[in-house]
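Student: Okay, so the sequence shown: first residue is 12 according to our numbering, each after it adds one.
Every residue gets a Cβ at the ideal spot worked out from N, C-alpha and C, and that includes glycine.
Fair warning: this is a prediction, and the values are worked out from it, not measured in the lab.
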Amino acid sequence: MSESVQFQDKVVIVTGAGGGLGRAHALLFAAHGAKVLVNDLGGSTQGEGANASAADRVVAEIRAAGGIAEANHDSVTEGDKIVQNALDAFGRIDVVVNNAGILRDKTFHKMDDSDWDLVYRVHVEGAYKVTRAAWPHMREQGYGRVIFTASTSGIYGNFGQSNYGMAKLGLYGLTRTLALEGRKNNILVNAIAPTGGTRMTEGLIPPQVFERLKPELVSPLVVYLGSEACEETSGLFEVGGGWIGKTRWERSLGVGFDPEAGFSPDDVAAHWAQICDFEGAVHPKDNIEALKEMMANLQKFSL
12 MSESVQFQDK
22 VVIVTGAGGG
32 LGRAHALLFA
42 AHGAKVLVND
52 LGGSTQGEGA
62 NASAADRVVA
72 EIRAAGGIAE
82 ANHDSVTEGD
92 KIVQNALDAF
102 GRIDVVVNNA
112 GILRDKTFHK
122 MDDSDWDLVY
132 RVHVEGAYKV
142 TRAAWPHMRE
152 QGYGRVIFTA
162 STSGIYGNFG
172 QSNYGMAKLG
182 LYGLTRTLAL
192 EGRKNNILVN
202 AIAPTGGTRM
212 TEGLIPPQVF
222 ERLKPELVSP
232 LVVYLGSEAC
242 EETSGLFEVG
252 GGWIGKTRWE
262 RSLGVGFDPE
272 AGFSPDDVAA
282 HWAQICDFEG
292 AVHPKDNIEA
302 LKEMMANLQK
312 FSL
């Protein structure tokens, strides 16, 4: 076990941890000494139904490996119950990993209100509810780590995912603000935009790539961000396939107009090239470009 990344006496909540990325996160936190509350409602990838067995299986895996874990089967929209479960079981809460999510992909003109609302409730309201319930306890103890799960679909856009992209980029906006508010109480807040081969991405990624995008290739970053060793806050990290990169906003130098004299739409048009000139900066315009480094890394280590 690394001396710098370990979780003795620390309690971690991982939502949506019954499979995929969440399961991988929970197992790795437990392997590094954390007491883990494994949350999963056990619903479908579209947010339907419930099944307690998903979280229970992961808890059994952790315990079989000598770790400490408890299962929770509440919806993330009832975040207070999840946090209270962690407090009842372990007495404190140090890390929240907001991982739970669903997909209801449709083009915007075909989307129903229910498709929009349910994605919002699980991703945004769910992450808010869990984090909001944990926040006072982290403030009181002067320590906390929060990780939100964003997506390249939010950063760059993705056809048929207006609801999902909205929710995921919204979570990064929440990340930035909570990082500012939490710093004085030693609560650090970061976001990841992961790419992993899970039941949510099966069929969306070519099979030969899907098999190599193991969820376990995302979790080391999450565990580091959740550790006492990490001093980063407000960061956004794209991660997958063994590659990690930090994403940041960038802006051109722009053009200044006289605020007293004012300016016209024609002035904007005349200076448009300069307004949009990033002078050689790299700015992916879509998911394909955003994944170039990851794909190059996969190719580099291909068998």
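How many angstroms separate the CA atom of L199 from the CA atom of F274?
Tutor: Position 188 of the sequence shown, counting from 1, holds the residue named residue 199. Position 263 of the sequence shown, counting from 1, holds the residue named residue 274. Going from the Cα of L199 to the Cα of F274 covers about 42 Å.
Student: With burial defined as no fewer than 16 other Cβ atoms inside 10 Å of the residue's Cβ, what is the status of F18: buried or exposed?
Tutor: As a working mapping, residue 18 is identified with position 7 in the sequence shown. That one is buried.
Student: Using only alpha-carbon positions, find the residue among D20, T258, G29 that is nearest to A202.
Tutor: The residue labelled residue 202 in the question sits at position 191 within the sequence shown. The residue with the shortest Cα to Cα distance from A202 is T258.
Student: Using the C-alpha atoms, what's the distance from G165 back to V135?
Tutor: As a working mapping, residue 135 is identified with position 124 in the sequence shown. As a working mapping, residue 165 is identified with position 154 in the sequence shown. Their Cα atoms are separated by approximately 13 Å.
Student: Quick one, which of W283, F40, A138 has its alpha-carbon nearest V266's?
Tutor: Counting from 1 along the sequence shown, the entry for residue 266 is found at position 255. It is W283.
Student: Could you pull out every residue in the same chain whose Cβ sits closer than 7 Å to the Cβ of V130, ignoring the five residues on either side in sequence?
Tutor: Here residue 130 is taken as the residue at index 119 of the sequence shown, counted from 1. For V130, where only same-chain residues beyond five positions count, the Cβ hits under 7 Å are I113, R115, N174, Y175, A178.
Student: Assign Q17 to one of three DSSP states: helix, strand, or coil.
Tutor: Position 6 of the sequence shown, counting from 1, holds the residue named residue 17. In this structure, Q17 counts as coil in the three-state DSSP scheme.
Student: Got a sec? Which residues, its chain only, sit under 8 Å from V293 by beta carbon, not counting five neighbours each side?
Tutor: Reading the sequence shown from its first residue, position 282 is the one you call residue 293. With a pLDDT of only 47 at V293, under the threshold of 50, the placement of this residue in the model should not be trusted, and no figure is reported.
Student: Using 7 Å as the threshold, is the C-beta distance between D51 and G27 below it?
Tutor: The residue labelled residue 51 in the question sits at position 40 within the sequence shown. The residue labelled residue 27 in the question sits at position 16 within the sequence shown. Going by C-beta atoms, D51 is nearer than 7 Å to G27.
Student: Identify the residues that DSSP records as bridge partners of K117: which are they?
Tutor: As a first step, residue 117 is located in the sequence shown; it is residue number 106 there, counting from the start. K117 pairs with Q172.
Student: What's the C-alpha gap between R103 and V279?
Tutor: Here residue 103 is taken as the residue at index 92 of the sequence shown, counted from 1. Here residue 279 is taken as the residue at index 268 of the sequence shown, counted from 1. Rounded to the nearest angstrom, the two C-alpha atoms are 55 Å apart.
Student: Which same chain residues, not among the five before or five after A240, have their C-beta less than 7 Å away from its C-beta?
Tutor: On the sequence shown, residue 240 is found 229 positions in, with the first residue counted as 1. Closer than 7 Å at the Cβ level, and outside the excluded window around A240, lie S15, V16.
Student: Can you grab the Cα-Cα spacing for the pair K140 / T88, in whole Å?
Tutor: On the sequence shown, residue 140 is found 129 positions in, with the first residue counted as 1. On the sequence shown, residue 88 is found 77 positions in, with the first residue counted as 1. Whole-angstrom Cα-Cα distance: 6 Å.
Student: Looking only at its own chain, which residues have a Cβ that is under 6 Å from the Cβ of S13, when we skip the five neighbours before and after it?
Tutor: Numbered from 1 along the sequence shown, position 2 holds the residue referred to as residue 13. With a pLDDT of 46 at S13, under the threshold of 50, the modelled position of that residue is not reliable, and the figure given next carries that caveat. Closer than 6 Å at Cβ, skipping near neighbours: no residue.
Student: Distance check for E81 and G90, CA to CA, integer angstroms please.
Tutor: Here the question's residue 90 lines up with position 79 in the sequence shown. Here the question's residue 81 lines up with position 70 in the sequence shown. Spanning the two alpha carbons is a distance of roughly 16 Å.
Student: Given a cut-off of 7 Å, decide if V22 and A145 are closer than it, judged by their beta-carbon atoms.
Tutor: The residue labelled residue 145 in the question sits at position 134 within the sequence shown. The residue labelled residue 22 in the question sits at position 11 within the sequence shown. No. Outside cutoff.
Student: Report yes or no: do the stretch 25 to 42 and the stretch 63 to 78 share at least 3 C-beta pairs separated by less than 8 Å?
Tutor: Yes, since at least three Cβ pairs between the stretch 25 to 42 and the stretch 63 to 78 fall closer than 8 Å, the two stretches touch.
Student: To the nearest angstrom, how far is it from the Cα of Y167 to the Cα of E290?
Tutor: Along the sequence shown, read from residue 1 onward, the residue named residue 167 stands at position 156. Along the sequence shown, read from residue 1 onward, the residue named residue 290 stands at position 279. Whole-angstrom Cα-Cα distance: 20 Å.
Student: Quick one: what's got a C-beta closer than 7 Å to T118's C-beta in the same chain, skipping five residues either side?
Tutor: Within the sequence shown, numbered from 1, the residue matching residue 118 stands at position 107. Correct list, in chain order: G171.
Student: DSSP state of V229, grouped into three classes?
Tutor: The residue labelled residue 229 in the question sits at position 218 within the sequence shown. DSSP places V229 in coil when its eight states are reduced to three.
Student: Residue range of the beta strand (DSSP E) that N50 falls in?
Tutor: Your numbering for residue 50 matches position 39 in the sequence shown. 46 to 50 is the extent of the beta strand (DSSP E) around N50.
Student: With distance defined between alpha-carbon atoms, name the residue in S245, P218, E243, G256 nearest to V229.
Tutor: For the purposes of this step, residue 229 is taken as residue 218 along the sequence shown, with counting starting at 1. The option with the nearest alpha carbon to V229 is G256.
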